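K.L.:
If you scroll down you'll find the structure; I have some questions about it.
2 protein chains.
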Amino acid sequence: MTGALTAERILDAAEDTLRRFGPGKTTVVDVARSLGVSHGSVYRHFPNKAALRDAVAERWLQRICVPLHPVVTEDGPAAERAWRWLWLLSTTKREMASNDPELFATYYALASEIREVVSDHLETLTELLARIVADGVRRGEFAVDDPRETARTMLSATTKFHHPAHAAEWADPNLDREFETVWELVRRGLETR
Amino acid sequence: MTGALTAERILDAAEDTLRRFGPGKTTVVDVARSLGVSHGSVYRHFPNKAALRDAVAERWLQRICVPLHPVVTEDGPAAERAWRWLWLLSTTKREMASNDPELFATYYALASEIREVVSDHLETLTELLARIVADGVRRGEFAVDDPRETARTMLSATTKFHHPAHAAEWADPNLDREFETVWELVRRGLETR
């Protein structure tokens, strides 16, 4: 091995090992071996297999959030930003699934083992979108009592376009059109009368 | 074997064989054997394995539609009927999944092999719901240009509550509440101003 053994390098190796062996069969020893280090060296960064697995999954889920943050803090009509935010959430997932279907399927299989990490991720998404919704209420665009609950509802109504269980349906040429019709219904449901 | 070999009896046996062996491994010979008849007798009703498989799946999908038909032809506010129709679609699936999880998972696995049967089923659902939506337009309740497209959009927005890919999430105690918030958003989106 050349260079310092950083947490980032371990996570890269773990992702690679996961892709090859699947979530059930990946061990800390496999990860250490692929880096040419002892498993003790890996444990100095991650106390156990579960901690390593959660850190890999968290990094993956954070990648999904990267393009979403700027849309939250931008100026402009909330409806346009909420549309763009949901569109980015959908297209980021869809690109991940089409660029590396195997890794995407691996992370989706992993998700059932890391329910807490996934539910934290959903809370983060809800909170980001809720800030746009609250902005829409302040601007007089949206008639909404509880922006957080509304954000959760919007994520639920757009499930088909971002939930990995639907990856097999994402190649449908009508999907973009369907996204737009769902968005139109949601937008009308949010608007002040 | 006692009694006549009807198509219905063959379908019952095929469902049972599917449950035991899974969709990939079920053969016409297995089905015939479980009925104590020759596979030739089965072929007199279903010309090949694919025809038998499709007929089993169609029967299963028709069971889901049974409680939905009366809601379409009833009188009363369209919003209330659309809510009830979607609620019945969701709860019928959820009951099937919870009463016999193994058979439900089998049919869901089968669905990827019978895309045409599944898309016909979705068309049937869309058509049923579209009749309620069109009724809502006639009654002055809904502002909708294309009831069929709107019905498809409503099915898409409620994916999480009826698509078998979400069966693992259906035990969530917050699911009924989430259904209601999605429905409220959809209803507001449909209503005339």
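If you're matching them up, the sequences are chains E and G in order. Residues 1 to 193, numbered by the UniProt record's numbering, are exactly what the first sequence covers, in order. Residues 1 to 193, numbered by the UniProt record's numbering, are exactly what the second sequence covers, in order. Backbone N, C-alpha and C define an ideal beta-carbon position, used for all residues, glycine too. All values reported here derive from a predicted model rather than from experimental measurement.
#1: How would you list, in chain order, the residues of chain G whose beta-carbon sits under 7 Å from the beta-carbon of His-166(E)?
#2: Taking 7 Å as the limit between beta carbons, can you name the residues of its chain near Arg-131(E), skipping five residues before and five after?
#3: What does DSSP give as the partner residue(s) for Phe-142(G) in the beta ladder?
#4: Apart from the five residues just before and just after Ser-90(E), which ones in its own chain have a Cβ nearer than 8 Å to its Cβ?
#5: For a minimum of 4 consecutive residues, which ranges assigned as the alpha helix (DSSP H) are wholly contained in the segment 112 to 178 of chain G?
#6: Please state whether the Cβ-Cβ distance between Val-56(G) and Ala-14(G) is less than 7 Å.
#7: Quick one: using the 10 Å Cβ neighbour count with 16 as the cut-off for buried, is Val-66(G) buried or exposed?
#8: How about Ala-78(E) and Gly-22(E): are their beta carbons less than 7 Å apart?
#9: Which residues, taken in chain order from the segment 173 to 188 of chain E, show a beta carbon closer than 8 Å to some beta carbon of chain G?
#10: Which same chain residues, not among the five before or five after Thr-124(G), have their C-beta less than 7 Å away from its C-beta?
#11: If we ignore side chains and look at the alpha-carbon of each, how far apart do Thr-106(G) and Gly-36(E) end up?
#12: By Cβ distance, which residues of its chain are closer than 6 Å to Trp-60(E), with the 5 residues on each side in sequence left out?
#13: With a cut-off of 7 Å, does the C-beta of Arg-193(G) fall near any C-beta of chain E?
#14: With DSSP run on the structure shown, which of helix, strand or coil describes Val-37(E)?
#15: In terms of alpha-carbon separation, which member of Glu-191(E), Leu-155(E), Ser-98(E) lies closest to Phe-142(E)?
#16: If you follow the alpha helix (DSSP H) that Ala-14(G) is part of, which residue opens it and which one closes it?
#17: When the Cα atoms are used, what is the spatial distance from Asp-172(G) to Gly-140(E)?
#18: Do Ser-34(G) and Thr-17(G) have their C-beta atoms within less than 7 Å of each other?
#19: Could you check how far apart the C-beta atoms of Thr-126(G) and Ala-151(G) are, in whole angstroms? I think they sit under 8 Å.
#20: Taking only the alpha-carbon atoms, compute the straight-line gap between Val-144(E) and Tyr-43(E) and give it to the nearest angstrom.
#21: Taking only beta carbons into account, state which residues of the segment 148 to 162 of chain E come closer than 7 Å to chain G, listed in chain order.
#22: When the Cα atoms are used, what is the spatial distance from His-45(E) to Asn-99(E)?
#23: Would you mind stating whether Thr-181(E) and Thr-153(G) have Cβ atoms separated by less than 7 Å?
#24: DSSP state of Lys-25(G), grouped into three classes?
#25: Any C-beta of chain C sitting closer than 7 Å to the C-beta of His-69(G)?
#26: Using CA coordinates, which residue listed in Trp-87(G), Asn-48(G), Ala-97(G) is at the minimum distance from Glu-169(G)?
#27: So for Phe-104(G), helix, strand or coil by DSSP?
#28: Using the Cα positions of Val-31(G) and Leu-122(G), report the straight-line distance between them to the nearest angstrom.
#29: Note down the Cα distance separating Ala-82(G) from His-69(E), rounded to an integer number of angstroms.
#30: Which residues in the same chain as Leu-103(G) place their Cβ atom closer than 6 Å to its Cβ, once the five residues preceding and following it in sequence are excluded?
#31: Under the assumption that Gly-189(G) contacts Val-133(E) (Cβ atoms under 8 Å), give the Cβ distance between them as a whole number of angstroms.
P.N.:
Quick look at the numbers:
#1: The contacting residues are Ala-165.
#2: Taken in chain order, the residues that qualify are Val-72.
#3: Per the DSSP secondary-structure output, Phe-142(G) pairs in a beta bridge with Glu-191(G).
#4: Taken in chain order, the residues that qualify are Thr-158, Phe-161, His-162, Phe-179.
#5: Runs of the alpha helix (DSSP H) inside the segment 112 to 178 of chain G: 115 to 138, 147 to 157, 159 to 162.
#6: Yes, the pair counts as a contact, with Cβ atoms nearer than the cut-off.
#7: In this structure Val-66(G) is exposed. Its beta-carbon is surrounded by fewer than 16 other beta-carbon atoms within 10 angstroms.
#8: Cβ atoms of Ala-78(E) and Gly-22(E): not closer than 7 Å.
#9: Those residues of the segment 173 to 188 of chain E that come within reach of chain G (Cβ to Cβ, closer than 8 Å) are Glu-178, Thr-181, Val-182, Glu-184, Leu-185, Val-186, Arg-187, Arg-188.
#10: Result list for Thr-124(G): Cys-65, in chain order.
#11: Whole-angstrom Cα-Cα distance: 43 Å.
#12: So the qualifying residues of the chain are Tyr-107.
#13: It does: the Cβ of Arg-193(G) has a partner Cβ on chain E nearer than 7 Å.
#14: Val-37(E): coil per DSSP, three-state reduction.
#15: If we check each option's Cα against that of Phe-142(E), Glu-191(E) comes out closest.
#16: Ala-14(G) -> alpha helix (DSSP H) spans 7 to 21.
#17: Our two residues, Asp-172(G) and Gly-140(E), have alpha carbons roughly 34 Å apart in a direct line.
#18: If you check the CB distance, Ser-34(G) and Thr-17(G) come in under 7 Å.
#19: With a Cβ gap of about 5 Å, Thr-126(G) and Ala-151(G) count as contacting.
#20: Those two C-alpha atoms are separated by around 48 Å.
#21: For the segment 148 to 162 of chain E, which is checked against every Cβ of chain G, the residues closer than 7 Å are Glu-149, Thr-153, Ser-156, Ala-157, Thr-159, Lys-160.
#22: C-alpha separation (whole angstroms): 30 Å.
#23: Their beta carbons are under 7 Å apart, which means Thr-181(E) touches Thr-153(G) by this criterion.
#24: Coil.
#25: As a matter of chain content, chain C is missing from the structure shown, whose protein chains are E and G.
#26: By alpha-carbon distance to Glu-169(G), the top candidate from Trp-87(G), Asn-48(G), Ala-97(G) is Ala-97(G).
#27: Residue state for Phe-104(G) is assigned as helix, using DSSP reduced to three classes.
#28: Distance between the alpha carbons of Val-31(G) and Leu-122(G): 28 Å.
#29: Approximately 36 Å between the Cα atoms of the pair.
#30: Hits under 6 Å: Arg-19.
#31: Not confirmed; about 15 Å, so no contact.
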